[in-house]
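Participant: For what it's worth, our numbering labels the leading residue of the sequence shown as 8, then goes sequentially.
Ideal Cβ placement from N, Cα and C applies to all residues, glycine included.
A quick note: this is a predicted structure, and the numbers were derived from the prediction, not measured.
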Amino acid sequence: MSDQEFDDVYTRLCYALTDAGEAQTPAVLARLTLLLMKQVDDAALIHQAIGAALLEESTS
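1. If you measure between the beta carbons of V35 and L24, is that distance less than 8 Å?
2. Need the endpoints of the alpha helix (DSSP H) that L26 sits in, please.
3. For A56 and A37, I'd like the C-alpha separation in whole angstroms.
4. At what residues does the alpha helix (DSSP H) containing A30 begin and finish?
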């Protein structure tokens, strides 16, 4: 994925979350996460990404 594609997808996600509303954002993100995990279909890679997300969260 190019930098521009990444930016476009991120922007689409931001608009989608705004449209869904603050109350629905956690559910939308949870469903999106599960759908993407099914697409990745690599448990080790998913575990690595979870660890990276938690690491970045704790350093913010």
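Facilitator: This is what the structure holds:
1. yes
2. The sequence given here places Asp at residue 26; Leu does not occur at that position. 10-27 is the span of the alpha helix (DSSP H), which, as asked, contains D26.
3. 15 Å
4. No alpha helix (DSSP H) holds A30; DSSP gives it neither H nor E.
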